[in-house]
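Notes follow once the structure below has been shown.
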Amino acid sequence: AVFIDNKGEILGTYRKVQLFAAEKESFRPGCEYPIFNTKIGRIGIMICWDTAFPEVARAYALQGADLLVVSTNWEKPYLDDVETRNQDDWDLMTRARAFDNCCYLAAANRIGFDETLGFFGRSKIIGPTGVPIKELNEEVEGIISAEIDYTLSHKLRTAYYTFFKDRRPDTFDIIARRY
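Mapping of the sequence shown onto this note's numbering: residues 81 to 259, in sequence order.
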């Protein structure tokens, strides 16, 4: 992903870290979590499958991200008997990444069909308590926007949901091990 500011300047790039399924056969994963300093705050980017990994959002939050921006191609399920499952997963993961890190999250998901897959949209902006501020619930194209107040996320991080202060990284070695 290329990050371009409101003046058209390229601030940098992000390479998807968590590759999904067959992507591993064609692409190399990234290995960094760059923060982009903008006039609207410190922004971290996640691409699609990155959203499924709590560690990605946490890496950004620990660097002081105010806003996580997610771009995805989250598809409809492959199996008829789990019709809403991927949509539920998408909602749960995006809300959890915001809540876990007391961070705002803006997520845009593809909508429509290509030759073999359908995409369900449901783009959203989520607040630092994991509650959606604005969202597109129907399978339609659209644009959403919201005013966000970073003082809320900073207050939550320091005074209420003190996940960062209370965490014990000295006990997390197991997380870095290969499965």
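C-beta atoms are modelled at their ideal positions from N, C-alpha and C, and glycine is treated no differently.
Under a 10 Å Cβ-count criterion, Cys111 is classified as exposed, with fewer than 16 other Cβ atoms of the shown protein chains found around its own Cβ.
Taking Ala226 as reference, the option from Ile127, His234, Lys204, Leu172 with the minimal CA-CA separation is Lys204. With contacts defined by Cβ atoms closer than 8 Å, Thr152 and Arg95 do not form a contacting pair. Between Ala186 and the set Ile115, Glu215, Glu155, Leu197, the nearest pair of CA atoms involves Glu215. Looking from the CA of Leu232, the closest CA among Phe179, Lys245, Trp129, Asp250 belongs to Phe179. Taking 3 residues as the minimum length, the beta strand (DSSP E) runs contained wholly in the segment 115-198 are 115-118, 121-127, 147-152, 184-189, 191-193, in order along the chain.
Around the beta carbon of Asp168, a 10 Å sphere encloses fewer than 16 other beta carbons of the protein chains shown; the residue is thus reported as exposed. Just so you know, the alpha carbons of Ile255 and Pro249 end up roughly 10 Å apart.
Assignment of Phe200 by DSSP, reduced to helix, strand and coil, places it in the strand class.
Residue Ala81 holds the alpha-carbon nearest to the alpha-carbon of Ile90 among Thr196, Ile228, Ala81. In the structure shown, the three-state DSSP call for Ile254 is helix. By a beta-carbon distance limit of 8 Å, Asp146 contacts Gly121. Their separation comes to about 4 Å.
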